[in-house]
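S.K.: full-length UniProt numbering puts the first residue of the sequence shown at 1, with every later residue one more than the last.
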Amino acid sequence: MDEISSKLLHLFDHTPVLVAAYDSFDRLRYANEAFRSAFFVDPDETPLWPDLMRRNFYAGRGTVIRERDFEAWLIPTLSRRGKIGFRAFETDLVEGRWLWMTETVDREGWMLCIANDITKLRASGRSVRQDRDVAIKASNTDELTGVANRRFVTARLEEMLRRSESRNELGCVCVLDLDNFKYVNDRFGHQAGDTILRDFAARIQREVRRSDCFGRVGGEEFLLVLPNTSTDAAELIVARMLAAIRSSRPLRDRPEFGYTFSAGIATAQVSDIVADVLARADSALYSAKIAGRNRIHLAA
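(1) Mind checking which residues open and close the alpha helix (DSSP H) that includes Pro50?
(2) Report the three-state DSSP secondary structure of Pro227 (helix, strand or coil).
(3) With DSSP run on the structure shown, which of helix, strand or coil describes His10?
(4) Whose CA, out of Asp194, Val175, Cys172, lies closest to the CA of Lys182?
(5) Which residue's Cα is closest to the Cα of Arg293: Glu33, Thr260, Asp42, Phe39?
(6) Can you find at least 3 beta carbon pairs, one from the stretch 280–300 and one from the stretch 184–191, that sit closer than 8 Å?
(7) What does the alpha-carbon distance come out to for the pair Gly60 and Arg97?
(8) Three or more beta-carbon pairs under 8 Å between the stretch 136–150 and the stretch 204–220, yes or no?
(9) Just tell me which of Arg55, Glu235, Asp117 has its CA closest to the CA of Val173.
(10) Out of Ala72, Arg240, Pro47, Ile65, point me to the one whose CA is closest to Glu95's CA.
(11) Tell me the rounded alpha-carbon separation between Glu3 and Asp13.
(12) For the candidate residues Ala233, Thr229, Thr91, whose alpha-carbon lies nearest to that of Phe39?
(13) Are the beta-carbon atoms of Thr15 and Arg29 separated by less than 8 Å?
(14) Thinking just about the alpha-carbon of each residue, which of Phe214, His10, Ala31, Val175 is nearest to the one in Val19?
(15) Just grab the DSSP bridge partners of Asp69 for me.
(16) Can you tell me which of the three DSSP states Leu74 falls into?
(17) Which residue spans inside the stretch 153–190 form an unbroken alpha helix (DSSP H) run of at least 4?
(18) Return the residue from the list Ala300, Leu99, Ile114, Thr141 that minimises the CA-CA distance to residue 310.
(19) What is the DSSP secondary structure of Thr119, counted as helix, strand or coil?
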């Protein structure tokens with residue numbers, strides 16, 4: 001087996017096909033020479049994917065990103081990256097090459113990326129395919145905040161529940177709701193309310209693991225899907241998010257203003273359908289609200 005592994009690594013390192021593997025935290029753990037050359041990675045480096053993309057963007061190299069604001073591009077991209085088992089798409093590099101890339105994600109959250117150079121193939125349909133990809137992205141993205149929308153995050157919840165045949169505990173679902181948001185809108189105006197929603201989405205997305213999915217499901221309510229996660233671990237994750245929001249001061253003209261959210265967490269069970277687990281999470285959220293807000297409650 002060691003001989004086979006050694007031979008595979010040798011083949012990977014000498015193929016023109018780009019090959020890379022990321023762990024569940026989206027840290028680059030392996031990249032062959034073709035991948036390192038295309039994305040400017042030193043042999044001993046193991047950068048996180050967002051950091052790799054960020055430094056290449058500001059250096060004017062690597063993947064072509066047509067947004068002027070990198071962080072605005074990153075939020076919707078992270079909300080979809082690695083959330084489904086397999087994805088294929090086209091991407092172009094600043095140097096002029098065009099790649100056909102596939103992403104395969106296993107149940108532990110590791111991702112295998114393979115890219116082929118398709119620059120010489122007919123380019124007549126590229127603009128059509130790019131327009132299609134943009135339309136698909138828009139259909140899965142909340143327009144205001146840039147994170148996943150109700151359709152996308154609910155689909156990830158359905159996928160988690162479909163894996164129930166051989167597991168008694170699939171993961172957790174968290175409903176997050178901003179506290180006293182109507183009061184904020186009434187006092188400061190809807191523009192301030194939109195600023196707070198965008199701030200909330202951006203700060204929470206930074207805390208989301210790649211194997212998880214976070215999205216806005218309506219108004220000031222958001223949904224967090226945590227596959228293969230215990231209740232205790234889910235509570236720790238959401239507690240970290242709560243601390244991040246408590247320290248935020250999103251309104252520049254009101255530096256003293258802060259806000260909070262409440263959360264309800266439910267553990268998915270084998271027999272659940274989407275409505276079941278969401279009902280338990282909503283009930284836990286209601287308990288957090290009546291207990292004083294700015295806290296987390298677990299479903300019974």
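Note that beta-carbon positions come from the ideal geometry of N, C-alpha and C, so glycine has one too.
M.R.: Short version:
(1) Along the sequence shown, read from residue 1 onward, the residue named residue 50 stands at position 50. That run of the alpha helix (DSSP H) goes 49–59.
(2) Locating residue 227 in the sequence shown gives position 227, counting from the first residue. In the structure shown, Pro227 sits in a strand (DSSP, three-state: E or B).
(3) On the sequence shown, residue 10 is found 10 positions in, with the first residue counted as 1. Looking at His10 - three-state DSSP - the assignment turns out to be helix.
(4) In the sequence shown, the residue the question calls residue 182 occupies position 182. Ranking the options by Cα distance to Lys182, first place goes to Asp194.
(5) Reading the sequence shown from its first residue, position 293 is the one you call residue 293. For Arg293, the nearest C-alpha among the options comes from Thr260.
(6) no
(7) One-based indexing of the sequence shown puts residue 60 at position 60. One-based indexing of the sequence shown puts residue 97 at position 97. Taking the straight line from one Cα to the other gives about 14 Å.
(8) yes
(9) The residue labelled residue 173 in the question sits at position 173 within the sequence shown. The option with the nearest alpha carbon to Val173 is Glu235.
(10) Looking up residue 95 in the sequence shown gives position 95. When each option's Cα is compared against that of Glu95, the closest is Ile65.
(11) Within the sequence shown, residue 3 is the residue found at index 3, counting from 1. Within the sequence shown, residue 13 is the residue found at index 13, counting from 1. One C-alpha to the other measures close to 15 Å.
(12) The sequence position of residue 39 within the sequence shown is 39, counting from 1. Among Ala233, Thr229, Thr91, the Cα nearest to that of Phe39 is on Thr91.
(13) Translated into positions along the sequence shown, residue 15 becomes position 15. Translated into positions along the sequence shown, residue 29 becomes position 29. Going by C-beta atoms, Thr15 is not nearer than 8 Å to Arg29.
(14) Stepping through the sequence shown from its first residue, residue 19 is reached at position 19. Val19 has its Cα closest to that of Ala31, out of Phe214, His10, Ala31, Val175.
(15) The residue labelled residue 69 in the question sits at position 69 within the sequence shown. DSSP lists no partner for Asp69.
(16) Translated into positions along the sequence shown, residue 74 becomes position 74. Leu74: helix per DSSP, three-state reduction.
(17) 181–188
(18) Since the displayed the chain opens at 1 and closes at 300, residue 310 lies outside it and no answer follows.
(19) Locating residue 119 in the sequence shown gives position 119, where the first residue counts as 1. Residue state, collapsed to three classes: coil.
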